[in-house]
Every structure is written in structure tokens, then in C-alpha cells.
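What follows is one structure encoded as C-alpha cells, with my remarks underneath.
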Ligand code: ADP
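Residue numbers (the UniProt record's numbering): 77 to 341.
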């Protein structure tokens, strides 16, 4: 893009000339644009369920007032739209919190195997509902690393939940924890958590953009599943805060693997 400058003109005393100062404000402008874009996105995301809910309130007052079945139907939709707004607000708060702490590296040692196992156990019900087999490997013994336990739990939950959601009904999701003596990306010893599904996969052109806020491959599908479009953006920030690496590999038609590498010291 073109660079943007703030120009200030300071006339000096008579006969001494003028000072012309150019301040490069390109980065500042870009940050401002990103912020406005984010606010526009958030407003849009909130307005959609709000419009639906207020529309249904009208319907319930009017045409559906004496129709018990229609009433029940509309109330159900209102309930799910409300839940989605809740999730969106929760995710926005998580994102803000993670961005605030991004410079503070966690120092307390945590058992990542236990965190991962618990995250998977909590999603067992969702997997059962979608007839997905959920396998967890490598969590039998403790694997210690400096970590923020709540944030790592959120990373594992988001990745496993996505694998269940997008991995195809009746599919299989495998979560594996392994340790490496030396990971070149971490420049030291680390652990790797890989979440693999056998779903439809993701086309290469989307891979680089998945961690952008509100980026969705299939907007309609993500919303239908109750997604906020913020899950992977949150994952990316938390992984950054842990000085880790997120890798996404996918073969369309075969499935995807989201893996997180974290330093163990
Ligand atoms: P969402 O709330 O939409 O799930 P995310 O940030 O978690 O938001 O994911 C962004 C998008 O990445 C999703 O809308 C989906 O299109 C895609 N995606 C994420 N995980 C997977 C996966 N395991 N398989 C296929 N697509 C995925």
C-alpha cells in the first residue's frame, strides 16, 4: 500500500526558512483500519441474532400467538440465537484477555497430559451426539510444561470441538500427545498435541487465513454449527503467548490435522 505521512509545517524566524516534518503514520492508520473493521464485524455478528430475535418476538405477539407448535418452534430458535450471542461475547472477552497477556509468558509447570485428557473427556458428549469416535493417545503419564492451564484447556477444547464439528458425522477424531527432544521450530525440547479428523478437509487457499478473526471457510455451515468464527484466532494468540507453534495440515476430502508444539522449558 501507499505510505501515509502526517506533515507538519513550522515556520522559523524571519529569513530562517521553514521546517517540514514527515511522520510515517502508515502503521497507525492500518491499526485504526483494523480496529474499525473488527468493530464492524462484531456489530454485524451481534446484529444478525438480534434481528432474528426481535422478528420472532413480533411473530409471537401476532400471528403465532394462538399456535402452540409455532410458538415452541420460534422459542427454540430464539433460545439458540441467544446462546450464540452468549458464546460470541464469551469469545470476545477471551480474545481481549489473551491479547492483554500475550507478552507475559506463563512460568508455572502444568501437567499437559491431564489438561488434554480432561478437555477431551468434557467433549465426549458432543462426540457421542455426532456419532464421532474420539481417541486420546499419549496421556497416560504426566507431561510437564510451563503453561496457563485455563488457556491451554481452551486451545485443546477449540481444536477438538472443531474436529468433532467439521470432521463429519460418524467420523473419527484422534488426539495425540507426544514429546520431542528437539523441535527445530521451538529450538529446544517440546511437546506436540495433534488433533486429527477425517472430515472434508480445507482447501489450501484458506489455510493461511483460518486464524483470522471471523474467517470461515463456509459461513453458513459455521453459523449453523453455532460457531463464532473466533475459535482459531483465540488458539493462535494463546499458542503465541506460550512461545509455541500452530501448524495446520489438510488434504481436501481426507481430513485435517491441527498441531500445537509447545516448549517444555
Ligand atoms: P468457527 O466458530 O467458525 O468454528 P474457528 O475460528 O474455530 O471458527 O474456525 C474457523 C473456520 O475454520 C471454521 O469456520 C471452519 O470453516 C474451518 N475449520 C476449523 N477447523 C476445521 C476442521 N477441523 N476441518 C475443517 N474446517 C475447519
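Backbone N, C-alpha and C define an ideal beta-carbon position, used for all residues, glycine too.
From a predicted model like this one, the values you see are computed outputs, not experimental measurements.
Query: Nearest neighbour of residue 340, chosen from 186, 163, 280, 122 [CA to CA]; Result: 186
Query: 8 Å Cβ shell around residue 136 - same chain, five flanking residues per side excluded; Result: 147, 150, 151
Query: Reduced DSSP secondary structure (H/G/I, E/B, other) of residue 359; Result: Because the chain in this structure spans residues 77 to 341, residue 359 falls outside the shown range and cannot be described.
Query: Given 8 Å, three or more beta-carbon pairs between the region 181-200 and the region 155-170; Result: no
Query: DSSP-derived helix/strand/coil call for residue 125; Result: helix
Query: Where the beta strand (DSSP E) through residue 220 begins and ends; Result: 220-222
Query: Bounding residues of the beta strand (DSSP E) (the contiguous stretch that carries residue 156); Result: Taken as a continuous stretch (DSSP letters only), residue 156 belongs to no beta strand (DSSP E), being part of the alpha helix (DSSP H) at 144-177.
Query: Closest by C-alpha distance to residue 184, when choosing among 131, 225, 110; Result: 225
Query: Proximity test, residue 199 beta-carbon vs ligand 1 heavy atom, cut-off 6 Å; Result: no
Query: DSSP-derived helix/strand/coil call for residue 22; Result: A question about residue 22 goes unanswered here, because the residues of the chain that appear run from 77 up to 341.
Query: For residue 267 and residue 253, believed in contact at Cβ under 8 Å, the rounded distance; Result: 6 Å
Query: Element boundaries [alpha helix (DSSP H), containing residue 185]; Result: Unbroken run through residue 185 is the beta strand (DSSP E), 185-187; no alpha helix (DSSP H).
Query: Identity of the residue in 242, 107, 175 nearest residue 318 by Cα; Result: 175
Query: The region 215-235 / the region 303-321 touching (three or more Cβ pairs under 8 Å); Result: yes
Query: For residue 208, the three-state DSSP class (helix, strand or coil); Result: coil
Query: C-alpha gap between residue 204 and residue 104, whole angstroms; Result: 48 Å
Query: Beta-carbon gap between residue 219 and residue 251 smaller than 7 Å; Result: no
Query: Sequence-distant residues of the same chain with beta carbon closer than 8 Å to residue 94, five excluded per side; Result: 85, 86, 87, 88
Query: Nearest candidate by alpha-carbon position, reference residue 346, set 258, 166, 327, 306; Result: Look at the range of the chain in this structure, 77 to 341, and you will see that residue 346 is not part of it.
Query: Residue 223 versus residue 338 - alpha carbon distance; Result: 9 Å
Query: Secondary structure of residue 333, DSSP reduced to three states; Result: strand
Query: Test item: CB-CB of residue 206 and residue 245 under 7 Å; Result: yes
Query: Closer than 6 Å: residue 293 CB and nearest ligand 1 heavy atom; Result: yes
Query: Residue 161 versus residue 114 - alpha carbon distance; Result: 16 Å
Query: Within-7 Å CB hit, residue 176 to chain C; Result: Reference to chain C is not applicable here, since this structure consists of a single protein chain.
Query: Residue of 259, 122, 320 minimising C-alpha distance to residue 181; Result: 320
Query: Residue 83 classed as buried or exposed, judged by whether at least 16 other C-beta atoms fall within 10 angstroms; Result: exposed
Query: heavy atom of ligand 1 below 6 Å from residue 298 C-beta; Result: yes
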